[in-house]
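Going by our numbering, the first residue of the sequence shown is number 2, and it counts up by one from there. Here a beta-carbon is modelled for each residue, glycine too, at the ideal position from N, C-alpha and C. In what follows, a single structure is set out as structure tokens and then discussed.
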Amino acid sequence: MDWYEFIAQAVGICGMVMNILSYQQRSQKGILLMQFIGGCFFAVNFYMLGAMTGFLMNVVGIIRAVVYYNKAKIKRMDVVNGVFVAAFILSYFLTFTVFAKPVLWQNLLIECLPVVAMCVLTFGFYAKKASTTRKTTLIGSPLWLIYNLINRSTGGIICESISLCSVLIAIYRYDVKKK
């Protein structure tokens with residue numbers, strides 16, 4: 002591992018720490034602030050690794066965190082969420098046009114993973130029921146995990162592994178055991 006890759010992985014681990022710490026925040030705004038910082042680290046991490054879709058997903062995710070932080074001022078969150086989904090989908094196409102990722106069927110599938118994850122998670126975070134949010138995380142987190150494995154983002158792999166374990170425990174505690 003050269004210094005550049007070492008720094009890229011260290012930045013990703015910083016993103017992982019921020020995302021994990023976000024769930025320990027007392028307030029919704031604290032969670033969003035930590036998610037914002039984590040997203041910044043992961044955007045740099047993916048950029049340095051050459052994983053442009055991951056980079057773009059995190060840039061849009063950073064903007065989403067800022068908007069959600071100020072959501073009390075927004076009247077139509079459903080429209081805002083639609084705009085974010087459109088931005089995630091547009092980012093997918095930018096990967097192949099602006100960033101010139103070769104259009105091969107493997108790339109089309111791989112680069113689709115974080116896009117689907119972010120679209121599903123956007124609806125999950127908007128849901129009123131925590132059980133819905135947990136279920137959408139069961140879709141989004143494995144997709145990000147696969148993308149992180151393919152792109153060798155150590156921080157991303159650890160972060161999604163912890164998130165997946167956490168959501169499975171929460172589903173058991175709050176959704177399955179309750180019944």
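Residue 13 versus residue 46: straight-line alpha-carbon distance, rounded: Your numbering for residue 13 matches position 12 in the sequence shown. Your numbering for residue 46 matches position 45 in the sequence shown. Those two C-alpha atoms are separated by around 5 angstroms.
Taking a contact to mean a Cβ-Cβ separation below 8 angstroms, would you say residue 161 touches residue 142 in this structure? If you number the sequence shown from 1, residue 161 lands on position 160. If you number the sequence shown from 1, residue 142 lands on position 141. Yes. Within cutoff.
Could you tell me the boundaries of the alpha helix (DSSP H) in which residue 71 lies? Residue 71 sits at position 70 when you count from the first residue of the sequence shown. That residue, residue 71, is in no alpha helix (DSSP H); it is neither H nor E in DSSP.
Continuous alpha helix (DSSP H) assignments of at least 4 residues falling wholly in the segment 100-137: 106-127
Here's the rule: buried if 16 or more other CB atoms are within 10 angstroms of the residue's CB, otherwise exposed. What is residue 29? Locating residue 29 in the sequence shown gives position 28, counting from the first residue. Its Cβ having fewer than 16 others within 10 Å, residue 29 is exposed.
Can you have a look at residue 99 and say buried or exposed, based on whether 16 or more other CB atoms are within 10 angstroms of its CB? As a working mapping, residue 99 is identified with position 98 in the sequence shown. Exposed is the call here.
Looking at the C-beta of residue 166, does it have a partner C-beta in chain D at a distance below 8 angstroms? You won't find chain D in this structure, because it holds only one protein chain.
For residue 29, which three-state DSSP category applies? Working through the sequence shown from its first residue, we reach residue 29 at position 28. Reduced to three states, the DSSP call for residue 29 is helix.
contact_flag[the segment 66-76, the segment 133-148] where n(CB pairs < 8 angstroms) is 3 or more: no
Measuring straight from C-alpha to C-alpha, what distance separates residue 58 and residue 165? Locating residue 58 in the sequence shown gives position 57, where the first residue counts as 1. Locating residue 165 in the sequence shown gives position 164, where the first residue counts as 1. Near 19 angstroms, if we compare the C-alpha coordinates of residue 165 and residue 58.
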